[in-house]
Structure formats: C-alpha cells, structure tokens
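**Q** Below you'll find the structure I mean.
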Amino acid sequence: MLAAAKYIGAGLACSGLIGAGVGIGVIFSSLISSTARNPQIRGQLFTYAILGFALAEATGLFATL
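For the sequence shown, full-length UniProt numbering gives the first residue as 1, with consecutive numbering after it.
What follows is the structure in structure tokens.
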C-alpha cells in the first residue's frame, strides 16, 4: 500500500512538467512562424526564444521540487 502511494505521489509531482513541455512547444512554434514572416530579425528572435525556453524549463524544475 505504501509503495503504491509513493508511485502515485511521484506521478503527481511530475505532472507539473506538462506545463513546461507545452510552454517550450509554444515558444519554438512561435519562433518558427516569426522567422518565416521576418527572416531579418532571426538572431534577435532566437535570443528571446532561448530566454523563454530557460524560464519555461525553470518553472518545470521548480515544479519537481
């Protein structure tokens, strides 16, 4: 019984990573569509995308704590 509760708790703790995964997907899909519309500012957009990726990943890491 205790082992089952541990597995359920671990699964619930990892469910916070779903939001981080969705956020990262949205960030990079926006990067692709923005680069397709305006290729001249690709470097600036990539910088913002990496910053957004880091913030989204940090929230996922904080969710596992």
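Cβ atoms here follow ideal geometry from the backbone N, Cα and C, with glycine treated the same way.
(1) Taking its Cβ as the centre, do 16 or more other Cβ atoms sit within 10 Å of residue 133, making it buried, or is it exposed?
(2) Distance, Cα to Cα, residue 65 vs residue 11?
(3) Could you tell me the alpha carbon to alpha carbon distance between residue 47 and residue 53, rounded to whole angstroms?
(4) Taking 7 Å as the limit between beta carbons, can you name the residues of its chain near residue 45, skipping five residues before and five after?
(5) For the putative contact between residue 49 and residue 16, defined by C-beta atoms under 8 Å, what is the C-beta separation to the nearest angstrom?
(6) Would you kindly work out how many angstroms separate the C-alpha atoms of residue 51 and residue 37, rounded to a whole number?
**A** Let me lay it out:
(1) Past the edges of the chain, shown from 1 to 65, lies residue 133, and the structure says nothing about it.
(2) Cα to Cα, residue 65 sits roughly 13 Å from residue 11.
(3) For residue 47 and residue 53, the distance between alpha carbons rounds to 10 Å.
(4) The answer, listed in chain order, is 31, 34 and 35.
(5) So it is not a contact: roughly 22 Å between Cβ atoms.
(6) Residue 37 has its alpha-carbon roughly 21 Å from the corresponding atom of residue 51.
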